[in-house]
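Visitor: The structure's right below; bear with me while I get my questions together.
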Amino acid sequence: MTDNTMASSVNGDGPAIATAPIVEARNISKAFGGVQAVDDVSLAVPPGEIHAVVGENGAGKSTLMRVLSGIIKPDTGGVFVGGERLDAGDPRAALEAGISLVHQELSLVPEMTVAENILLGSTPSRGGFIRGSEQRRIAAAALEEIGVTVDLDEHISRLSMALRQFVEIARAIARKPQVLILDEPTATLTPAETDYLLDMLQRLAGRGLAILYISHRIPEIFRICDRITVLRDGQHVDTVATADAEPDTVVQMMVGRELEAVLGEHRDAKPGEVIVSAKGIRAPGVNGIDLELRAGQIVGLGGLVGAGRTELVRAILGADPRTAGDVTITLDGKTHSINGYGAAIANGFGYIPEERRTDGLALTMTVSDNIALPNREHLSTGSVLERGKIARFAKQLADTVGLRPPKIEHEAGQFSGGNQQKVVIAKWLGREPTAIVLDEPTRGVDVGAKAEIHRLVRELADDGKAVLVVSSDLPELLELSDIIHVVRDGRITGTLMRDEADEAAVMALASGQTTGAGA
Amino acid sequence: MKTEKPVEATKTTEPLAAEPGIEERAFSLLDWMSTRGIFIFTGLLILTAAVFIDGFASLTNITDVFNRAAAIGIVAVGMTFVVISANYLDLSVVAQVATSAVVLIAISNEHGFLLAFALAIVIALAYGIVNGVAVGIFKANAVIVTLATTFIGLGLLRWFSGGSIYFGPPDGPIRAFGSTRLGPIPLSMIVLVVMTLLLSFVLTRTNFGFMVKSYGSNREATRLAGVNTSMVVIGAFIITALAAMVGGFVLAAFSNTAVSSMSDGFDFRALAAIIVGGTSVFGGRGSVLRTLLGVVFVSVLTNIMVLSGLGFGYQQMAIGLLIVVAVSVDALARKAAPR
């Protein structure tokens, strides 16, 4: 298939293709390991258009944008600017051809000034000496173009998140791009700041800049974008003109699967008494949340990446400090106050963190040692480790979680993602926690291991533990949870019981597109 | 500021093995060199020296080698804990060893052995706690902190001693310790072996050693497993300091003298032994027993150079070169390992 993207779905009137596209992605495919991140996707944007690219977490949006900006080399397909093919996987070539990416993760140098950051990587110099006045002139011009006033000599570390975001955009604009790519630019902005940014983008498009706008936030997209490309599981679902589309239909396209709640084997949940009570939790990214976990119940936290779910669970556990709020856990009729991570662990919490490789495992240590770490007190006499006891203990837990192959004397780093995750779970099972928190328990895990991890989570709840699961994987969230709280901007925007939860309802609450099922 | 954020971003798109199971590690020469290689290299070096270097294989020379190696070796087996905890090294062992030696002789001369011993322990604990608190609690860089405490410590020592050389009485207990032999084996050698076995036990068989290794492998995962990580770092520096104290005693007893400059170069010699022994400067991997082999390797190499008439400058260059090669092998082996 070639060049059929344009024609495929832009029907008639819309802001169709009056001019030739300035940037085109043709039949892009890219796989990581065994995962097809982008699968034969094409896309074309004419000058002056704001083109949204939407999809669930993991749909392939960011990978596609990284291909467009030359950061990733695609397996097949090519990027064309003004009809000319770019050298694949060469960020410099993409920049020179006029494609500027505004990074999702801020890539500014905090210790340098606004002017220095805007010209970072293209600092004007003569004979090796920086031309300060030229640097300031270009930086000032870029800021003026986007209509932002900020002191050129201020250090980035002293700016608000919003101003940093605007400096990022100025940095992209300073390179005189023809195409601007923004990846979730409003994730850290307040509503007022978001308004400002959206107006800015419309002005820039009015001057002929082509803009690719990646976002989860449906209302923003319907406000400024001309067309919308929907990706799902790495594939191109459709490209529609915003004028012809309804928010609900776009959400449906993102989610697919005809909006049936994908229920696994139904667990007969029998919620018991309240085990964990968190009240008024505040922390960076968390704006006042109450949460209860009951014995035998799986509570799901839904929401978009960056909504504040990880920050919430870490604040509850005390893994990161909270600015306000109280957490208690009830163990054998006694209620303990949780004021720090040590207290959380000592009083029956278990925590499977989001990033298993950086936070969950010591990769150069054996599986056996990793499992022993949180259980070391039970596995030693005085302070001397009992190696035999550790080996038996680790072996038993490795069997429980289904580690394959069950070689507990191999280093954790040698195992696949799914097996590593099982080891992280095994660590905590050994402590027989009363309340267990799992953050993205199956991210990057193969299908088989995923099913086994789901089984383990259900067994924990059946066993009377209080379980909290954070997941950006909607089918997983729906399948596991007895009750789902949806988090957005650090607040719970809705609570759905198992029988009223479906993908559309969760997505609607998560993206702020509330015409669907509300709370 | 938030230097860790971009790393997380790439983690999510990182390719993961599609097939479940173990990534069996193919034989890696680099891996072998940085772990088991030391046994072969040390053996070969000794063999070569015995065959080609006149005077090497004599009993007097070998006991002399080990006598000299003892003090540095004791420092190195202790410092292995700091290296495994991924805090690079403790430069202040130079000041610690000299202080311990001067305190032992000078205070013994004036106030008796017991007070000297007690004072040395207090000083060692102070070093361990100051270094450990700055690095473990305030998260300061270990290299800079211990460079600074070296200055403080040597400054204090020179103020106290005025740079003078202290001599122990020719018939005191220190002299007796320094000259006692069990058959051909000097007592200092036995202290080195005992310290090695003791610290090897602490590293591999105790809760504390386990946490040091785990902390060196992954700080955040270890913290999230409920470990008081600050205490782990403080403990690693205290062990190093106590070992340096014993190293100072041995050094002082061997010559029955003490002077503030007597341990110059101990920091890098000990580090060379540790790295050549295959303990990773990235932390998490290492062995006290292999550090002992590293000490033998470095000492024999130095001895070969002495016997061949190559002066101190050459020895220094050799140690420097050895460290460059060993850390490069360590870095390459780490890069090649699957993770």
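Going down the list, the protein sequences come from chains A and B.
Residue numbers are given in the working numbering: position 64 of the first sequence equals residue 64, and the series is strictly consecutive.
Residue numbers are given in the working numbering: position 158 of the second sequence equals residue 1158, and the series is strictly consecutive.
All C-beta atoms, glycine included, are put in the ideal place defined by N, C-alpha and C.
1) Just the Cα atoms here: how many angstroms apart are Arg1205 of chain B and Ser62 of chain A?
2) Can you round the beta-carbon distance between Arg168 of chain A and His216 of chain A to whole angstroms, since I take them to be within the 8 Å contact cut?
3) Tell me which residues of the stretch 1277-1288 of chain B have at least one Cβ-Cβ distance to chain A shorter than 9 Å, keeping chain order.
4) Compare the C-alpha of Val1094 of chain B against each of B:Val1075, B:Asn1256 and B:Leu1119 and name the closest.
5) Based on DSSP bridge pairs, tell me the residues matched to Glu24 of chain A.
6) Determine the direct distance from the alpha carbon of Gly348 of chain A to that of Glu432 of chain A, and round the result to whole angstroms.
7) Tell me, which residues are paired with Ile50 of chain A by DSSP?
8) Determine the direct distance from the alpha carbon of Ser1280 of chain B to that of Leu1341 of chain B, and round the result to whole angstroms.
9) In whole angstroms, what separates the C-alpha of Thr1291 of chain B from that of Thr364 of chain A?
10) Would you kindly check if the distance between the Cβ of Ser1085 of chain B and the Cβ of Ala1333 of chain B is under 8 Å?
11) Ordered along the chain, which non-local residues of its own chain (more than five positions away) have a Cβ less than 6 Å from that of Gln520 of chain A?
12) Taking 7 Å as the cut-off, is the beta-carbon of Val1102 of chain B closer than that to any non-hydrogen atom of the ligand NAD?
13) Along chain B, in chain order, which residues have C-beta atoms closer than 9 Å to that of Pro353 of chain A?
14) I'd like the span of the alpha helix (DSSP H) that includes His336 of chain A, first residue to last.
15) Closer than 8 Å by beta-carbon distance: list the chain B residues that pair up with Lys427 of chain A, in chain order.
16) Three or more C-beta pairs closer than 8 Å, one from the stretch 457-475 of chain A and one from the stretch 286-300 of chain A: is that the case here?
17) By the three-class DSSP mapping on this structure, what secondary structure does Ile425 of chain A have?
18) Look at the alpha carbon of Thr1229 of chain B and the alpha carbon of Gly1178 of chain B, and state the distance between them as a whole number of angstroms.
19) Quick one, which of A:Ala449, A:Ile28 and A:Gly430 has its alpha-carbon nearest Gln235 of chain A's?
20) So does the stretch 50-60 of chain A actually touch the stretch 108-124 of chain A, counting three or more Cβ pairs closer than 8 Å?
21) Please list the segments of the alpha helix (DSSP H) lying wholly inside the stretch 1232-1311 of chain B, counting only runs of 4 or more residues, in order along the chain.
22) Going along chain A, which residues have a C-beta under 8 Å from Phe1210 of chain B?
23) Within 8 Å (strictly less), CB to CB, does Asn1303 of chain B reach chain A?
24) Whose Cβ in chain B lies nearer than 9 Å to the Cβ of Ile345 of chain A?
25) So, under 8 Å CB-CB, Leu212 of chain A and Ile181 of chain A are touching, yes? Tell me the CB distance rounded to an integer number of Å.
26) Would you mind stating whether Ile1304 of chain B and Phe1056 of chain B have Cβ atoms separated by less than 8 Å?
27) Considering only the alpha carbon of each residue, which of A:Gln420, A:Lys395 and A:Val401 lies closest to Ile408 of chain A?
28) Name the chain A residues that come within less than 7 Å of Ser1034 of chain B, Cβ to Cβ?
29) If I follow the unbroken beta strand (DSSP E) through Val1135 of chain B, where does it start and stop?
30) Just checking: is the beta-carbon of Lys1213 of chain B within a distance shorter than 8 Å of some beta-carbon in chain A?
31) Pop quiz: Ala142 of chain A and Ala162 of chain A are said to be a contact at Cβ under 8 Å. What is the actual Cβ separation, rounded to whole angstroms?
32) By a C-beta neighbour count over all protein chains shown, 10 Å radius and 16 as the cutoff for buried, is Trp1159 of chain B buried or exposed?
33) Are the stretch 1191-1198 of chain B and the stretch 336-351 of chain A in contact at 8 Å, needing three or more beta carbon pairs?
34) Where does Asn537 of chain A sit, in a helix, a strand or coil, going by DSSP?
35) Return no unless some Cβ of chain A is closer than 8 Å to the Cβ of Tyr1088 of chain B.
36) Spatial neighbours of Val1324 of chain B within its chain, please: CB distance less than 8 Å, with the 5 preceding and 5 following residues excluded, ordered by chain position.
Guide: Reading off the structure:
1) 47 Å
2) Note on identity: in this sequence residue 168 of chain A is Glu, with Arg being the wrong assignment. Contact flag wrong, Cβ pair sits at about 19 Å.
3) Ser1280, Phe1282, Gly1283, Gly1284 and Arg1285
4) B:Val1075
5) A:Ala44 and A:Phe80
6) 8 Å
7) A:Ile211
8) Any property of residue 1341 of chain B remains undetermined from this structure, which presents chain B solely from 1001 to 1339.
9) 19 Å
10) no
11) In the structure as shown, chain A starts at 1 and stops at 519, and residue 520 of chain A therefore has no counterpart that could be examined.
12) This structure does not include the ligand NAD; it has no bound ligands of any sort.
13) Glu1220, Ala1221 and Leu1224
14) Counting along the chain, His336 of chain A falls outside any alpha helix (DSSP H), though it belongs to the beta strand (DSSP E) covering Lys334 to Ser337.
15) Ala1225
16) yes
17) helix
18) 39 Å
19) A:Ile28
20) no
21) 1266-1276 and 1288-1307
22) Asp369, Ala372, Leu373, Arg376 and Leu385
23) no
24) Leu1224, Ala1225 and Gly1226
25) 4 Å
26) yes
27) A:Lys395
28) Chain A residues near Ser1034 of chain B: none, gap ~12 Å exceeds 7 Å.
29) No beta strand (DSSP E) holds Val1135 of chain B; DSSP gives it neither H nor E.
30) yes
31) Actually they are not in contact, since the Cβ atoms of Ala142 of chain A and Ala162 of chain A sit about 17 Å apart, beyond 8 Å.
32) exposed
33) no
34) As shown, chain A starts at 1 and ends at 519. That puts residue 537 of chain A outside it, with no answer to give.
35) no
36) none
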